[in-house]
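> I'd like to ask you about the structure that follows.
Take a look at the structure:
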């Protein structure tokens, strides 16, 4: 189950035309959990750092901790994560950092982030 999830995430990254290069920084899978950390070079030369820690929860995969950090020239553009802070937000623990501000966010997936960044990098088609 975890192997399939990890393969699906990597396939999404590989299939995205806004991703120029993928560097897997760390990954592991045990019988009950897994972790993936990647550095993606995007078509505009920005960088997207992805990290997900996931576990088996019943018959589903639960992403216990994630961060999708997009930056250019070493400056944060946007980061979605579920770190348990910003309790004041109605979407706690899900939130998004844009520059120096924090906003409410839905729970995000790699596919959601790639879709959002495609819109940001390419514009509406």
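Numbering (the working numbering), first residue to last: 16 to 140.
Idealized CB from N, CA, C, for every residue including glycine.
Measuring only the C-alpha atoms, how far is residue 115 from residue 108?
As a position in the chain shown, residue 115 is number 100, starting the count at 1. As a position in the chain shown, residue 108 is number 93, starting the count at 1. If I take the Cα positions, the gap works out to 18 Å.
> Check whether the Cβ atoms of residue 58 and residue 33 lie closer than 7 Å to each other.
Residue 58 sits at position 43 when you count from the first residue of the chain shown. Residue 33 sits at position 18 when you count from the first residue of the chain shown. Going by C-beta atoms, residue 58 is nearer than 7 Å to residue 33.
> Run through the region 49-75 for me and flag every whole beta strand (DSSP E) of 3 or more residues, listed as ranges in chain order.
62-72
> To which residues does DSSP link residue 118 through a beta bridge?
Within the chain shown, residue 118 is the residue found at index 103, counting from 1. According to DSSP, which records beta bridges pairwise, residue 118 is partnered with 111.
> Is it the case that the Cβ atoms of residue 84 and residue 94 are separated by a distance below 7 Å?
What you label residue 84 is simply residue 69 of the chain shown in a count that begins at 1. What you label residue 94 is simply residue 79 of the chain shown in a count that begins at 1. Yes, they are a contact pair.
> Need the endpoints of the alpha helix (DSSP H) that residue 131 sits in, please.
Working through the chain shown from its first residue, we reach residue 131 at position 116. That run of the alpha helix (DSSP H) goes 125-137.
> Can you tell me whether residue 24 is helix, strand or coil according to DSSP?
Along the chain shown, one-based indexing puts residue 24 at 9. Residue 24: helix per DSSP, three-state reduction.
> For residue 23, which of 133, 126 and 137 has the nearest alpha-carbon?
The residue given as residue 23 occupies position 8 in the chain shown. The shortest C-alpha separation from residue 23 is found at 126.
> Per DSSP, residue 39 is paired with what?
The residue given as residue 39 occupies position 24 in the chain shown. 53, per the DSSP bridge assignment.
> Return yes when the Cβ of residue 120 is within less than 7 Å of the Cβ of residue 111, no when it is not.
Position 96 of the chain shown holds residue 111. Position 105 of the chain shown holds residue 120. Result yes, Cβ atoms of residue 111 and residue 120 sit closer than 7 Å.
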